[in-house]
Ligand SMILES: *[C@@H]1O[C@H](CO)[C@@H](O)[C@H](O)[C@H]1NC(C)=O
Ligand SMILES: *[C@@H]1O[C@H](CO)[C@@H](O)[C@H](O)[C@H]1NC(C)=O
Ligand SMILES: *[C@@H]1O[C@H](CO)[C@@H](O)[C@H](O)[C@H]1NC(C)=O
Ligand SMILES: *[C@@H]1O[C@H](CO)[C@@H](O)[C@H](O)[C@H]1NC(C)=O
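Numbering (the working numbering), first residue to last: 3 to 396.
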């Protein structure tokens with residue numbers, strides 16, 4: 003008995019250590035990886051049409067692959083602005099409002115066409131209050147159930163997979179060519195406009211290599227799209243949220259999945275707890291398969307978020323230096339991440355960034371009477387109420 007307890011204790015300890023160290027290992031990998039990736043990409047800039055290392059498809063091969071796909075695609079908003087997309091649930095409300103305060107402060111005018119929030123059906127009433135805030139772009143809140151075909155009861159499936167798939171499904175609701183995926187634990191640390199992320203019709207990306215992303219995601223996605231052997235595993239590929247996605251490419255992913263797996267492919271994708279794909283691996287592989295990655299993406303010398311200015315562990319988060327992140331002019335990456343999973347209280351995050359998002363210099367007009375609505379929103383997540391009404395001054 004004693005021995006068994008002792009064993010169990012040891013196992014628990016090993017597990018805890020593994021869990022605690024995993025995120026920092028990932029951070030280390032990401033930072034190292036991007037340094038190498040930047041070098042490789044800089045060297046490849048001169049290579050012309052296939053900077054990414056994807057094979058340039060013969061026109062007839064590309065035509066063949068595109069044949070039989072739906073033709074749902076058209077750009078409805080030619081303004082070249084960005085659409086912001088964020089899958090959220092009520093427990094993200096506090097972090098999300100901190101993110102919003104940084105957007106309000108650091109987004110330059112004429113950057114955002116619209117914001118789309120994708121939320122569980124039960125959180126819809128709370129989040130729809132946001133559409134009444136005074137922002138300089140419209141916010142649309144969509145209940146998850148409305149994103150899936152009627153035969154897919156969205157609540158019945160693995161939430162993580164659902165959120166991943168939503169970032170692709172949302173392409174049907176996006177009107178601009180490019181959309182930016184956001185999680186609630188991001189912070190916009192530098193002034194940003196469209197040019198920060200998209201130039202000459204091509205969006206920058208987080209150049210993560212094959213080795214950093216889970217290998218089974220790449221392999222599973224290749225299988226799911228029947229596109230084995232397309233991506234070049236030696237080249238920097240595509241990282242995670244925040245990322246700028248092309249609506250064209252996301253639409254191709256969805257059309258390819260429907261072509262191969264039929265209507266209702268969503269069921270297959272969100273059923274499995276151990277999904278063998280991610281939205282970004284599917285996206286990157288489909289872009290390669292249809293020969294369009296270099297049409298819509300080009301590494302602009304910086305990625306979307308700054309790994310050095312981000313924190314993945316509690317220790318890193320509690321010591322996270324906001325001054326450093328928000329004032330470092332040599333860092334061209336607009337976003338930083340203080341990962342929500344670190345469970346650093348929102349109060350601490352907001353205290354750290356408060357001076358950098360002071361209402362005095364906010365770029366978006368205040369609207370009277372928003373605070374009670376904020377408190378109402380926070381009622382879904384009571385611990386956060388103080389933070390919301392105190393700091394954000396909507
Ligand atoms: C593109 O890049 C890959 C890998 O760097 C290379 O093998 C290929 O020959 C290049 N050119 C074309 C036209 O695809
Ligand atoms: C974005 O800001 C930069 C620097 O302030 C400026 O040069 C550029 O013209 C702006 N782009 C747009 C699309 O407003
Ligand atoms: C935070 O960063 C700033 C700017 O890089 C630096 O001056 C300051 O000393 C740092 N603070 C701490 C506590 O490390
Ligand atoms: C500022 O950002 C640059 C570019 O990411 C980085 O190399 C540098 O270390 C940062 N400065 C500080 C004080 O962290």
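A virtual CB, placed ideally from N, CA and C, is assigned to each residue, including glycine.
{"query": "Residue list, Cβ distance to ligand 3 heavy atoms smaller than 6 Å", "result": "323, 325 and 326"}
{"query": "Span separating the alpha-carbon of residue 303 from that of residue 316", "result": "30 Å"}
{"query": "For residue 141, the residue or residues it bridges with in DSSP", "result": "117"}
{"query": "Three-way DSSP call (helix, strand, coil) for residue 183 in this model", "result": "strand"}
{"query": "Contact under 8 Å by Cβ, residue 294 with residue 181", "result": "no"}
{"query": "Where residue 246 falls: helix, strand or coil (DSSP)", "result": "strand"}
{"query": "Reference residue 358, options 108, 284, 42 and 85, closest by Cα", "result": "108"}
{"query": "Own chain residues within Cβ distance below 7 Å of residue 235, not counting five before or after", "result": "212"}
{"query": "Residue 192, DSSP secondary structure in three states", "result": "coil"}
{"query": "Residue(s) in a DSSP beta bridge with residue 133", "result": "Its beta-bridge partners do not exist; DSSP assigns none."}
{"query": "Any non-hydrogen atom of ligand 1 within 7 Å of residue 55 CB", "result": "yes"}
{"query": "Beta carbon proximity, residue 181 to chain C, threshold 8 Å", "result": "Of the chains in the structure shown, none is chain C; there is only one protein chain."}
{"query": "Assigned exposure category for residue 307 - 16 Cβ within 10 Å defines buried", "result": "buried"}
{"query": "Residue 308 beta carbon near ligand 4 (any heavy atom closer than 7 Å)", "result": "yes"}
{"query": "Through-space distance from residue 117 to residue 138, alpha-carbon basis", "result": "10 Å"}
{"query": "Residues surrounding ligand 6 [beta-carbon distance to nearest heavy atom under 5 Å]", "result": "Only ligand 1, ligand 2, ligand 3 and ligand 4 can be found as ligands here, which leaves ligand 6 out of the picture."}
{"query": "Touching by the beta-carbon criterion (3+ pairs, under 8 Å), the segment 245-261 and the segment 213-220", "result": "no"}
{"query": "Bounding residues of the beta strand (DSSP E) (the contiguous stretch that carries residue 89)", "result": "84-89"}
{"query": "Residue range of the beta strand (DSSP E) that includes residue 337", "result": "337-339"}
{"query": "Buried or exposed by the 16-neighbour rule on C-beta atoms within 10 Å, applied to residue 81", "result": "exposed"}
{"query": "Residues sharing a beta bridge with residue 307, DSSP", "result": "337"}
{"query": "The alpha helix (DSSP H) enclosing residue 161, as first and last residue numbers", "result": "161-171"}
{"query": "Cβ neighbour criterion (16 or more within 10 Å) applied to residue 1", "result": "Coverage of the chain is limited to positions 3 through 396, which leaves residue 1 absent and any answer about it impossible."}
{"query": "Endpoints, alpha helix (DSSP H) assigned at residue 223", "result": "217-226"}
{"query": "Euclidean distance between Cα positions of residue 203 and residue 299", "result": "8 Å"}
{"query": "Reduced DSSP category for residue 286 - H, G, I as helix; E, B as strand; rest coil", "result": "helix"}
{"query": "Beta-carbon contacts of residue 64 that lie in its chain and below 7 Å, excluding the five residues immediately before and after", "result": "292 and 293"}
{"query": "Burial state of residue 112, where buried means 16 or more other Cβ atoms lie within 10 Å", "result": "exposed"}
{"query": "Residue 54 to residue 233 span [Cα, whole Å]", "result": "9 Å"}
{"query": "The segment 192-207 / the segment 340-350 touching (three or more Cβ pairs under 8 Å)", "result": "no"}
{"query": "Nearest-angstrom beta carbon gap, residue 173 and residue 67 [assumed within contact, 8 Å]", "result": "The pair is not a contact, with the Cβ atoms about 19 Å apart (cut-off 8 Å)."}
{"query": "Euclidean distance between Cα positions of residue 369 and residue 136", "result": "Summary for residue 369: the model assigns pLDDT 41, below 50, so the residue's position carries little reliability, and this model does not support an answer."}
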